[in-house]
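The structure appears below as structure tokens.
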């Protein structure tokens, strides 16, 4: 191979590498990972069947078209006007339906007759002015010999001309009069690939320029009257093309995106596999693309971003339209297969279904609010048709967690069709009753922490029904304002029941004496509880499905103490057929609670209350001009609240939402994204100051599909405050409390907490949302069932307000009294006396145990058994509503453990306290450790002097001989007073210790002086030795032998005067005892030979030890050494130490003779006494 070929191959390889890296770089750049952005609150504006196209001309007007589903579900063309989508034509299912505005008020829509007539396309013109529909002929263009080719996109030009593109690359042009086929450069493919040349989209820039795109990667360009192929033959399908400001975009399958720049289409694809279906743009730097799998992309002029908030909808997005409204705010509409989605809100709010997204099942008949764990977020009970209720904990982050009933203490839960919630024992936890249609029931008290106790048997409630009742109702409500929630039960064709609560959950039936006389066989739909005459007592509105004459209801006015008077109805009513439910609302904000009634067949109406329980019938004059039908007329199909925070109470009826406009109701359901039927419940589950809507239904209403929905309120202007109410004198749930919002114009809002609800809704929330208009000086008035009135001015208030019935001190005393009263009522002589017996038994055992400990100083007092009994009472009180075994453990084992732990702690405390004292000496710090024991610095608490305390090693005092010597010599030493002998104040014993209290010296030991001041000057040396001699001479004269003299036992005071310490206390034989106790070998180096052998010792023994000390002072070494004890003893007996002057050249040789004589092996060779030594040393200068 020649060099030229080699060079060629090298250049080729380099070019391939460069090309590879360039391609990779481009792929990375084009397939960018997307940032995320949010565009606003999305909601379903209208449900559709296989939506196809949408175009918005402005925020108030647009048009759209859907395909329909099969032969039975029609496709529809819509216009958007006055905030809602309205159908203007329907047709049989069609592939690729198209719609466009030809002129103002005139629309073209194109369909294909799919299921008959061989897919024939038909183009119609709809005149919205006179509602005329005329067909516009299209050129006959066939797919094959039998079927027509279908059209896929339509564009109408400003001059009235138009274009169509479709299957097999066909193009048609409308010249203002007729349609004609236009020559297409797309060739017709082989029969098996006839679809490959389909054109999906066309965009004409003007009459001379345009683009069209389609399958097989086709891109066509129109210029000067001719269509030509720009690109084809790649495996991608392009769905839409858009040109804007000399730039353009094409989108297609597998997230293919092309951008038109500088006369070329370049790849700008993103990292996704979703098919992108449609493009819309406001300008070249604000482009939007939608596609499969809820895909919505936004191009901001630099990067594509993915819109996440719209992905709560599981749908395929087929078309998109974006406009700016009159306030220059961006508004977006998306046509999905299932619905039209938008962020544009005609009424300032809308609803978005988020059931699955927040963790809720999509089944259930009604949602009942409950506080499971007192965390300020409302939890849920969902009533079911065929199973026990579902419990959901609100996690506070917008999600719910389903709770297994087995973990709550609810065992074998029943299938119930109604429930009620409230705090029946005033312990601060919500309680619960479940009731079936047959009258079976279970009642549970909450124990906190999502836990319940079954008190069904304890409650003493009895229910005996003659008939099963679908319209059963349960409601906890305080009917006599005694601070306890009573129980009202209503059954359609059976007598109602009223149970008075004693405050513990034990009930007494008082219905017979109440004065209520329910009319049977008229199928009552339940009772609405409300204060109809403003006397702060809860009255009853009792409705019947089958009216008797003109009357379909009875009103019973509460006279207190469970006595009710039936109100005579003195007004005429129109004929009312089959009313099904009612709620109480103050619809006109006059401060009186009115009644709304839903009939299902007649017009719904309001009974306007005059404040005395007298009603005026209103329907059409307040907006109810059409009957609202519900397929399953249960008694829970109505709910009321201020849904848009305007200060007026609105209504949801079965499937329709009516907004209250200053006393006139308007059905706005088509405008706000609600398309669900069932039993509504309003609550602010996410605490964002607007009411969200829960709707439950049944198979009868909605079949086997989704039968439960949570619809989030997307309210824009939340000019409101959240008000949370707490009660103490009244029932703890504050049910029945009246809340009025007042301003200078009077009452502007009126609501009662937990009452006025439909008969199926037995829940309550202590938090309500109130309209807060900053233009008015508004004030909240809360009137509790107890009669207590609290006022709160809203001016400058925060978004969330809490109001308590009483101040902190009164609240504490009231709740404490109720708690103690509850415990007394729950007292059970049999079980509770048994607990007391076991407690006393355990207490006795622990008490007698304490007698053996130092804690007896405390347990022998009168207050110890009293305190123990109080612990028992407190634990009995707080465990009163738990299980018997837990109560037994709480009242017996826990007090016993507490008492035992107390005794143990007291005993340890006393011992620890005593360990800081030796007799009357308070230990301050440790000074040192030696063979005889530890030395501490201490304070004499009697004299307030600082002393040194030596605690003798207990091993030494085990020997009786040592104890006697310690005692006798201790008495002697205590009497000694000499400047060079340490003063011993006391030698004594305590229960644990033998100790010596002596003079405290802070100048250190002689050993320290040697180590720190070596070599010592002669004068200093002589001064020290003389003082030692004086001290030894004094004790020797008292016939006391030190026997353990060493440099460590000689200490100095602050004036450098020494004291001899620790004499007369060593044990004989010293070696066997001291070394066995861990005494350092160095101590042995000071002893005379006779001490080792046990021969009788005398004063010369101490002179030997003094010789060792002098030797050490001159040489900084000991005269006798050894690696171990035996070697050291051998050295003491056999080694002649070197002369000190040999080791210290500065030492006088005259000192050698004195020191070595003191170190003589035989006592007779030493000085006879220390005076001789001192005299001889004194001669040396």
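Residue numbers (our numbering): 13 to 1193. C-beta: ideal position from N, C-alpha, C; glycine also.
Looking only at its chain, what residues have a beta carbon closer than 6 Å to the beta carbon of residue 813, apart from the 5 residues adjacent to it on each side? 733 and 735
Rounded to a whole number of angstroms, what is the C-alpha to C-alpha distance between residue 261 and residue 309? 13 Å
Let me check understanding here. Comparing Cα to Cα, which of 295, 697, 304 and 1028 lies closest to residue 383? 697
Inter-residue spacing [alpha-carbon to alpha-carbon] between residue 258 and residue 218: 12 Å
Between 749, 1177 and 254, which has its C-alpha nearest residue 489's C-alpha? 749
Could you tell me which residues DSSP puts in a beta bridge with residue 347? 331 and 352
I'd like the span of the beta strand (DSSP E) that includes residue 113, first residue to last. 110–115
Could you check if residue 898 is buried or exposed, using at least 16 other CB atoms within 10 Å of its CB as the buried criterion? exposed
Residue 287 beta carbon less than 8 Å from that of residue 303: yes
Note the first and the last residue of the continuous alpha helix (DSSP H) segment covering residue 565. Premise fails: residue 565 lies in the beta strand (DSSP E), 563–572, not in any alpha helix (DSSP H).
Rounded to whole angstroms, what's the CA-CA distance from residue 450 to residue 536? Just pull it up for me. 16 Å
On the premise that residue 572 lies in contact with residue 549, defined as a C-beta separation below 8 Å, what is that separation, rounded to the nearest angstrom? 6 Å
Compute the distance between the beta-carbons of residue 792 and residue 747, then report whether it is under 8 Å. no
Would you call the segment 428–446 and the segment 489–501 touching, i.e. three or more CB-CB distances under 8 Å? yes
What is the residue span of the alpha helix (DSSP H) that residue 1119 lies within? 1111–1127
Can you tell which of 491, 519 and 862 has its C-alpha closest to the C-alpha of residue 919? 862
Which ranges does the alpha helix (DSSP H) cover as unbroken runs of at least 4 residues, wholly within the segment 814–863, from first to last along the chain? 820–837 and 841–862
Excluding sequence positions up to five away, which residues of its chain have a Cβ less than 6 Å from the Cβ of residue 523? 509 and 510
Check the C-beta distance from residue 653 over to residue 694 and give it rounded, since I have them as a contact under 8 Å. 4 Å
Assigned secondary structure, residue 642 (DSSP; H/G/I helix, E/B strand, else coil): coil
Output yes or no for whether 8 Å exceeds the beta carbon distance between residue 54 and residue 335. no
Among 1021, 1029 and 1113, which one has its Cα closest to the Cα of residue 1070? 1021
Which residues does DSSP pair with residue 62 in a beta bridge? In DSSP, residue 62 forms no bridge with anything.
The segment 639–657 / the segment 776–786 touching (three or more Cβ pairs under 8 Å): yes
Would residue 1081 be called buried (16 or more neighbouring beta carbons within 10 Å of its own) or exposed? For residue 1081, the pLDDT reaches just 35, beneath the cut-off of 50, and the residue's location in the model is therefore unreliable, leaving the point undetermined.
Can you tell me the Cα-Cα spacing of residue 675 and residue 700, whole angstroms? 26 Å
Which term fits residue 560, buried or exposed, when burial requires 16 or more other beta carbons within 10 angstroms of its beta carbon? exposed
Output the distance between the C-alpha atoms of residue 158 and residue 326, rounded to the nearest integer angstrom. 38 Å
Taking the continuous alpha helix (DSSP H) assigned at residue 1270, which residues delimit it? Outside the shown range of the chain, which is 13 to 1193, sits residue 1270, and nothing can be said about it.
Taking the CB atoms as reference points, tell me whether residue 374 and residue 720 lie closer together than 8 Å. yes
Residues near residue 247 by beta carbon distance below 6 Å, same chain, minus five either side: none
Spatial distance of residue 811 from residue 785 (CA atoms): 12 Å
Counting along the chain, where does the alpha helix (DSSP H) carrying residue 470 start and finish? 468–471
Would residue 689 pass as a contact of residue 642 if the rule is Cβ separation under 8 Å? yes
Determine the direct distance from the alpha carbon of residue 190 to that of residue 147, and round the result to whole angstroms. 12 Å
If we require 3 or more residues per run, which beta strand (DSSP E) segments fall completely within the segment 1038–1067? 1062–1064
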